[in-house]
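Counting with mature numbering (1 follows the signal peptide of the UniProt record, and there is no 0), you get residues -34 to -1, 1 to 107 for the letters of the sequence shown. Have a look at the structure below, then the notes.
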Amino acid sequence: MPHSGLARAAASGGALLAALLPAVLAPAPVAADAAFTPADIDAYMTAALADGGLPGAVVAVTRGTEVVHAAGYGHDSEGAALAPDSPMAVGSLSKSVTALAVAQLADEGLLAFDDPVRRHLPEFAPADPGFSRRARRWTTS
């Protein structure tokens, strides 16, 4: 079953959030030239989820524009196993990452902060169709 644009956006945000999880939970810095294998990432994520008491995560590791590793770990809130393409809700922790991505798109001229959300996410159905990104910034925690 194909995912809607909003689901793909949520999945991308969740994957980005999960990809940042190791940086937040890392016990010590690692040399920039260290090469991690998919098995290293799998072992780390499995341990990090267990240590953090989290049910699951979806991770995408990229090098430039190439995805070098993608995997789902654990399960979602309904108990379904996670896969690399599992949709993930963009939660509060990812707000700063999402804000940065939106600011970069605005900087590149691909959107304006005052654009209605539906201009870029037609599947999004807010109660007020004119609701803008700028208004959203002031009405969320």
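Note that CB positions come from ideal geometry on N, CA and C, so glycine has one too.
Cβ pair residue i, residue j closer than 7 Å
i, j, result
"residue 33", "residue 26", "yes"
"residue 60", "residue 38", "no"
DSSP bridge partner residues for residue i (one or two, in chain order)
i, result
"residue 28", "33"
"residue 22", "40"
"residue 47", "41"
Residue span of the alpha helix (DSSP H) that contains residue i, given as start and end
i, result
"residue 9", "4 to 18"
"residue 73", "61 to 73"
8 Å Cβ shell around residue i - same chain, five flanking residues per side excluded
i, result
"residue 93", "none"
"residue 21", "15, 40, 41, 42 and 43"
"residue 86", "77"
"residue 69", "none"
"residue 71", "77"
Cutoff 7 Å: residue i Cβ touching any chain D Cβ
i, result
"residue 66", "Going by chain labels, chain D is absent from the structure shown, which holds only one protein chain."
Residues near residue i by beta carbon distance below 6 Å, same chain, minus five either side
i, result
"residue 7", "35"
"residue -9", "Low per-residue confidence applies at residue -9: pLDDT is 49, beneath 50, and the placement is therefore not dependable enough to give any value."
Contacting residues, own chain, Cβ-Cβ under 7 Å from residue i (five flanking each side not counted)
i, result
"residue 12", "39"
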